[in-house]
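Structure, as structure tokens:
There are 2 protein chains.
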Amino acid sequence: MILEQVQLSVVPGREEEFEHAFDTARHIPAAAAGFRSLRLGRCVEQPSTYLLLVEWDTLADHMEGFRNSEAFGQWRGLLGHFWDPPPTVLHFTDQVRMGDPR
Amino acid sequence: MILEQVQLSVVPGREEEFEHAFDTARHIPAAAAGFRSLRLGRCVEQPSTYLLLVEWDTLADHMEGFRNSEAFGQWRGLLGHFWDPPPTVLHFTDQVRMGDPR
């Protein structure tokens, strides 16, 4: 399992519109091969910042499968114009898990 | 529920030592009031970077309860010297959840 992390800076004032668009767009990665789960959070300290966490079976499922697909173009078409600057994507392998995640 | 996100830059070359110290230190927040879960990941693209995600019942459980406690001093004593620069802590409220998290 690999965790994709993206910190999204939404253009201030467009947060509500972004969340509305995300509600449609979220079904796109969720339909991709290797998708496991998705979580979007909004930042308390910087309310125009969002944290997107996506679990994939493998790094290739995200970087080769999803990002080279037509579906990725649709995803970026729906959401990309809300982000300034464009986000940086990082991937993490699990080292430690504890407790009872919600 | 609130999600604490911390991106940790470990001094290059000290990753293994940090992971060993973390294995002890992780029990400290896990024993705090309001703790729900913890997850530590290691970055694929930047192997000295780690992602710490902690779920708390409330923001106050983390910022007032844990960070003002003696236990937080122990946590920082065990781990703080591995981090350069000191990390920025952000908190996120859940907007969207999908799929079946591992």
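In order, the protein sequences belong to chains A and R. The opening position of the first sequence corresponds to residue -16 in the numbering used here, with each subsequent residue numbered one higher. The opening position of the second sequence corresponds to residue -16 in the numbering used here, with each subsequent residue numbered one higher. C-beta: ideal position from N, C-alpha, C; glycine also. Computed from a prediction, not measured in an experiment: that's the story for all the values here.
If you ignore the 5 residues before and after A/V27, its C-beta comes within less than 7 Å of no other C-beta in its own chain. In the DSSP annotation of this structure, R/E28 is not part of any alpha helix (DSSP H), being labelled neither H nor E. If you check the CB distance, R/G17 and R/W39 come in under 7 Å. The alpha-carbon of A/T71 is positioned some 14 Å away from that of A/H45. Taken atom to atom, the span from the alpha-carbon of R/E47 to that of R/F55 is near 11 Å.
Linking A/V79 to R/I(-15) through their CA atoms gives a straight-line distance of about 19 Å.
A/G(-4) sits exposed, since fewer than 16 C-beta atoms from the chains shown fall within 10 Å of its C-beta. At least one C-beta of chain A is nearer than 7 Å to the C-beta of R/T76. When secondary structure is reduced to three states using DSSP, R/D40 falls in the coil class, being assigned neither helix nor strand. By the 16-neighbour rule on beta-carbons within 10 angstroms, A/V37 is buried. DSSP places R/M46 within a helical segment (H, G or I) once states are collapsed to three. A distance below 7 Å separates the beta carbons of R/G24 and A/F75. A/S20 belongs to the set of residues whose beta carbon lies under 7 Å from a beta carbon in chain R.
Per DSSP, the beta-bridge partners of R/D77 are A/G24.
Of all alpha-carbon atoms in R/Y33, R/P12, R/E0, R/L21, the one lying nearest the alpha-carbon of R/R50 is that of R/P12. The Cβ neighbour count for R/V(-6), taken over all protein chains shown within 10 Å, is under 16; the residue is labelled exposed. In this structure, the beta-carbon distance from A/Q(-10) to R/L34 does not fall below 7 Å.
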